[in-house]
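Residue numbers for the sequence shown, in the working numbering: 4 to 404.
Cβ coordinates follow ideal geometry from the N, Cα and C atoms, glycine included.
Note sheet for the following structure.
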Amino acid sequence: MGLIVQKFGGTSVRDRSRIFNVARIVANTRNQGNDVVVVVSAQGDTTDDLIAKAAEITSDPSHREMDMLLSTGEQISIALLTMALQEIGVSAISLTGWQAGFATDRAYTKARIKRLNTERVESELARNRVVVVAGFQGLNRSDDITTLGRGGSDTSAVALAAALHADRCQIFTDVEGVYTADPRKIPKATRLKEITFDEMLELASLGAQVLNNRSVELAKKYGVELEVLSSMNPVPGTIVKEETKVEGMLIKGVAKDEDVAVISILGVPDVPGMSFKVFSLLAQKNINVDIILQSSGRDQCKDVIFTCPKGESESALTVLNASKSRFGGGEVTINRDVAKVSVVGAGMQSHPGVASTMFEALYNQNINIHMISTSEIKISVIIDKADADKAVAAIHDAFIQ
């Protein structure tokens, strides 16, 4: 007898038939002799609908009230799924994030889990119940509801699996596993049997939407083996773990991220400490910076260029324009019409020529590269957003036949 944590996304519980489909999957897992903890997201487009409702009231809602609002989506899902389980004869109980013991920091809309007290969950499991937990949410030390950010239900599931020492954490999605590219857009994309935590973390961070990057970080830290599989098609999915036995595959995936803005600070004095002043300002506002370029000095000045999420770009622009005197910068410009396209694979560490192959594929499609970033297992480029889909297809064809 084992303990399985299963997480179901919004499309998996979007309507009555999907909810009962999930209930049957959970029931089958339990009938195999397992204890089951289920984590669910809000139904379908519920979160987007709630955001739209807030926009009808105000263009600048407080983050605290947005968390209060958005947390209701998951509460609807857990109640409905629990009712469905009970309807088919499975003993089950629903718990909100805070009832399940999630204690977070005070960062509304993007909170991080500080502690997880699983006493209530374990008590319900001991009563032979399936425990259905609302993902994406917790409670801070002021007893305010917080949410973990988009994709936070994945993080909730992995955190529970780690705390409960579960045998496996299964992430059910609307695709059949982790693919070499988005199978809905790249017909030649193939499903991977296995992928390492590091490769999955890079793909998740670079725009692959099958797993939340924070959940992969957590799984790697606590050694939680993940399985990504379809809630609609009962076929083997993709195992995400520390090491894989699959050899000979140079590239594991091509990812696209359109949630990118490029900000340029022109004419920064070419003296020590200027970059520190620029990026400390951004850090104080919790603005995530990704790729950074600095031009070589000319006329005793340099240009500092970086990328950040689109949602944080206006804040970055505001703080930089308000603080030009601190770093002596000139004009600050922004370009939101860009995308980041990346290749990921541990195999590139021992195979030269990956960058050359990638850049040749872009050149053959007449796609211009604005910025380049590399690590041991990934290469990312910033290109025009209009070229993103064409770039993904060309790069995928160059590496994966």
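Residues that residue i bridges to, as DSSP identifies them
i, result
"G141", "T149"
"E315", "Note: E315 sits in no beta bridge, so no partner."
"T241", "V231"
"N338", "V265"
"F309", "I266, I295"
"I116", "T107"
"M374", "I385"
"R132", "Its beta-bridge partners do not exist; DSSP assigns none."
"I174", "K10, V231"
"V29", "DSSP output for V29 lists no bridge partner at all."
"V271", "K305"
"K343", "D260, I385"
Three-state secondary structure assigned by DSSP to residue i
i, result
"L53", "helix"
"G408", "Residue 408 falls outside the range modelled here, since the chain spans only 4 to 404, and no answer is possible."
"K327", "helix"
"N24", "helix"
"Q46", "coil"
"Q287", "helix"
Endpoints, the alpha helix (DSSP H) within which residue i is located
i, result
"R67", "66 to 90"
"N37", "Element bounds for N37: n/a, residue is neither H nor E."
"V124", "122 to 129"
"S97", "From DSSP, S97 is part of no alpha helix (DSSP H) but of the beta strand (DSSP E) over 95 to 98."
"L6", "No alpha helix (DSSP H) holds L6; the beta strand (DSSP E) holding it covers 6 to 11."
"G409", "Because the chain here runs from 4 to 404, residue 409 falls outside it and cannot be looked at."
"M361", "357 to 367"
Closest Cα partner of residue i within the set the options
i, options, result
"R377", "E122, V274, P237, I294", "According to the sequence provided, residue 377 is Thr. The question's Arg does not apply to it. The shortest Cα separation from T377 among E122, V274, P237, I294 belongs to I294."
"L296", "H373, T176, E197, R144", "H373"
"V43", "V8, S62, G104", "V8"
"P272", "F330, E77, E363, K259", "F330"
"A164", "S233, Y225, G180, T199", "Y225"
"L269", "F282, E334, N324", "E334"
"S345", "H399, S20, T150", "H399"
Outcome for residue i when other beta-carbon atoms lying within 10 angstroms are tallied against a minimum of 16
i, result
"R132", "buried"
"I91", "exposed"
"R109", "exposed"
"K381", "buried"
"V157", "Checking the sequence, you will find Asp at residue 157 rather than Val. Flag for D157 reads buried."
"Q287", "exposed"
"K188", "exposed"
"V238", "exposed"
Residue range of the unbroken beta strand (DSSP E) whose run includes residue i
i, result
"D201", "Run containing D201: none in the beta strand (DSSP E); it sits in the alpha helix (DSSP H), 200 to 208."
"K259", "256 to 260"
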